[in-house]
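Chains as they are written, first to last, in the numbering used here: chain A, 1 to 788; chain B, 1001 to 1144. Note that CB positions come from ideal geometry on N, CA and C, so glycine has one too. Okay, structure first, notes after.
See the structure below:
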């Protein structure tokens, strides 16, 4: 995998030639400078050699004079001159220091002579100096000079010693001068060669400079072309803005707005900016910031395109003198964001604002109301009967219905009002700057509008609504207002549905209590504060225990033992009844199965569980019952459900659903009993068609069987009625022997009450059942003993 | 066989130009040696003339410096027994003579040439650098 450092599009091709040219240039320059230095040093040396060589001539002539003068008795020192001559000749040949002459000049440092010709001449000079000084010494010593051996000369036939000395001096000076000339001529030749070489090197340097310039121009062109291709082919949008408008636009910008470059340069681009964004772009162009801006540009088709640009301030850059915008077209992203934002704050089914948006608008409205002192209203609308429509016609029909209701709500309110859907069949309205009178009038219009029949999937459907209204002048909080509207709405439902209620503090108090208990109930269910007690059912003819009614008990840590009459209505109103009912069914089946497994009860034994009307119409009873039975493998016939009259005789969809549920369960074998029979207003015709096994005569009649002839008559008739319908009659609340006797007289089948046994915990009834199983019929006349 | 012919071809290419160059050089040398050729050897401090007798006419003098010093060669017809000296007593008074040829400054190992038309007679050949004549650098050439 190539490393990032390998990617060098601008330098890879142009760098090598440039480097080669630079190296050549440097090499040529170095050689030229080195040669120049060398030539200068040679010239200096040559000058020294010439100077010393010229001095040799003078010294040789002076030596001759000094010899002649010395012979004449003058005080001269030819030996010193001879010494200087010899040392200088040696220095010229082998290098070293040529001595000064009587301080006339400085010592001269010389390099060894180079070249065979020069060295040959200088060696000859040295030999001549030797011959000269030897001849001079002979003259000084008045010795015959002809005997002086010569080293530089094959023969010298001059007899005159002084002439002989002068000739030798002339030869010495001449050869020295010739050596200097030879050196000079060779140096001249070197200098000529150097001039030629430097000319060549100079030409090479010039050529290298030209090549370097050419290579740099090529590299610059290549880089420029590369950058241009990058900018022009990039999908990123590049603009340069200056104080005089747009200075540069990349091809991608032209393509995006579908306009020519000329139309965009100068003031053209700014004219296409969205008026709301123009200031921001002009500010960025003028100040070089902020680092990121988002603005809109109008393209040729009239569509606003959203651009997100990174701003780079290059106003001080000599070749730019502007602010560079590297932008991306983020139109699609912003559309998606808007869509997501809409989805987050709107209901997908009706496109109405959802709870979050209503809460937000309510907060704003409260702030406005607080400032202006105006009144605002929140209306919570809950459809009555929607669930039945949804269940009977299906969810698609329900959705259609909700959409139509939403339209009707919107038709009724003002444009400035907010209609929101809270979910399910619950809507909320926010109205600002209203009076109570206007709100009430609107609520009536809403009720009328919703009540108009709607045709869904070919069927005409009529709905009602319960409306809770809360009014506020900006002092409240949004959560409180919605909660209060909810309380008012439930108050409207409790008051008979199809109406509105304006919230008042009394409602809040009631609701607060209800909510408090509801919370405790939920927590109690989780913490196991609920348990079942069982009250035996006795076959009056035999005194045998043939069944037991399971009764729910709540032992609250704060309230103590709470009777079912206190918390069951609350559980029903809050929906907790479903969880409680499931708990009761599960526990009762488990207990019955344990009795059965322990052999304490026969298969004809029935454990009765009370089922509320809400459970019957909730749609999940069958599932819950079957699950409870299957979980413990209890035969359905050992479970009985006690329902109130009102639950099964209710007209409408709810009654039909309840009856259907009971029929299914009865079909499975589950026993069904009508509880508190006689207290309602049951249609006997309905009763005949119901899947019922047993009628439980309400205790209020039983208690009067001894003292009140009317109660006795009713009880007797109810027992007869049960028998006439083929049902078992059970008397509740038997507390005395007299009542028991009357009931036996009436032919009542079963009995239940304190006379036999109070409701008791599972462990206690276990003992009772165990004793009954062991000893046959148990004497149950002492209920306290049984309870103990 | 093919390799042999290839080698012969290459040899021909190398040898043929050499022969052409050598042939040209010989013809050039031949033109120079028409007349008499006199070798004059100069060294410190002597002049040797070979041969020292040549017939009159065209004569080429080839001066070879075999000494360590630089020398010159001046050719004058010899009319007197001794050449006149300058006042320094060390060099020949050239202005008093009529030099018929001069070979200037022949450096060590150097060669100088001069072509002359020499009439029969005696000629003095000498080096007139300071002290060279007095040191013995002179000799005679007899023509005719």
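| Check | Outcome |
| --- | --- |
| Give the interface partners of residue 153 of chain A over in chain B, defined as CB-CB distance under 7 Å, in chain order. | 1044, 1045 and 1135 |
| Would residue 40 of chain A and residue 201 of chain A be called neighbours here (beta carbons separated by less than 7 Å)? | no |
| Distance cutoff 7 Å, beta carbons only. Does residue 162 of chain A sit that close to anything in chain B? | no |
| Got a sec: is the Cβ-Cβ distance from residue 1077 of chain B to anything in chain A below 7 Å? | no |
| At 9 Å on the CB atoms, spell out the chain A contacts of residue 1138 of chain B, in chain order. | Within chain A, no residue comes near residue 1138 of chain B; the closest Cβ sits about 11 Å away, beyond 9 Å. |
| If residue 376 of chain A and residue 434 of chain A are in contact, beta carbons under 8 Å, what's the gap, nearest whole angstrom? | 7 Å |
| With a floor of 3 residues, list each beta strand (DSSP E) that falls wholly inside the stretch 431 to 483 of chain A, ordered by position along the chain. | 454 to 456, 459 to 461 and 464 to 472 |
| Beta-carbon separation of residue 1079 of chain B and residue 1136 of chain B under 7 Å? | no |
| What residues in the stretch 1115 to 1136 of chain B have a beta carbon less than 8 Å from any beta carbon of chain A? | 1129, 1130, 1131, 1132, 1134, 1135 and 1136 |
| Give me the chain A residues within the contact set of residue 1069 of chain B, using Cβ-Cβ distance strictly less than 7 Å, ordered along the chain. | 121, 124, 175 and 178 |
| Report the rounded CA-to-CA distance for residue 203 of chain A versus residue 29 of chain A, giving the unit in angstroms. | 11 Å |
| Tell me the rounded alpha-carbon separation between residue 214 of chain A and residue 207 of chain A. | 10 Å |
| Tell me whether residue 1077 of chain B sits in a helix, a strand or coil according to DSSP, three-state version. | strand |
| In terms of residues, what are the limits of the alpha helix (DSSP H) holding residue 591 of chain A? | 577 to 598 |
| May I ask you to list, following chain order, the residues of the stretch 1080 to 1094 of chain B that have a beta carbon less than 9 Å from some beta carbon of chain A? | 1088, 1089, 1090 and 1091 |
| Comparing the C-beta of residue 1055 of chain B with each C-beta of chain A, is any distance below 7 Å? | no |
| Assign residue 1083 of chain B to one of three DSSP states: helix, strand, or coil. | coil |
| Classify residue 291 of chain A as helix, strand or coil using the three-state DSSP reduction. | coil |
| Give a yes or no on whether 7 Å exceeds the smallest Cβ distance from residue 1107 of chain B to chain A. | yes |
| Tell me, which residues are paired with residue 536 of chain A by DSSP? | A:548 |
| Please state whether DSSP places residue 555 of chain A in a helix, a strand or coil. | strand |
| Per DSSP, residue 530 of chain A forms a beta bridge with which residues? | A:554 |
| Should residue 156 of chain A be flagged as near chain B, meaning a C-beta pair shorter than 7 Å? | yes |
| In whole angstroms, what is the alpha-carbon distance linking residue 374 of chain A and residue 472 of chain A? | 9 Å |
| Can you give me the C-alpha to C-alpha distance between residue 162 of chain A and residue 55 of chain A, rounded to a whole angstrom? | 21 Å |
| Cα-Cα, which of A:110, A:140 and A:129 is closest to residue 73 of chain A? | A:140 |
| For residue 167 of chain A, return the contacting residues in chain B, with the cut-off set at a CB-CB distance below 8 Å. | 1090, 1131, 1134 and 1135 |
| Can you tell me the Cα-Cα spacing of residue 314 of chain A and residue 322 of chain A, whole angstroms? | 5 Å |
| Specify the secondary structure class of residue 245 of chain A as computed by DSSP and reduced to three states. | strand |
| Nearest chain B C-beta to residue 117 of chain A closer than 7 Å, yes or no? | yes |
| Which chain B residues sit within Cβ distance under 7 Å of residue 170 of chain A? | 1090, 1130 and 1131 |
| Assign residue 504 of chain A to one of two classes, buried (16 or more other C-beta atoms within 10 Å of its C-beta) or exposed (fewer than that). | exposed |
| Whose C-beta lies closer than 6 Å to the C-beta of residue 502 of chain A among residues of the same chain, with five residues either side of it excluded? | 469 |
| Strictly below 9 Å CB to CB, what residues from chain B border residue 182 of chain A? | 1070, 1107 and 1108 |
| Please report the distance separating the alpha-carbon of residue 1013 of chain B from that of residue 1119 of chain B. | Unreliable placement is indicated for residue 1013 of chain B, whose pLDDT of 44 sits below 50; no coordinate value is reported for it. |
| Compute the Euclidean distance between the alpha carbons of residue 285 of chain A and residue 372 of chain A, then round it to the nearest angstrom. | 42 Å |
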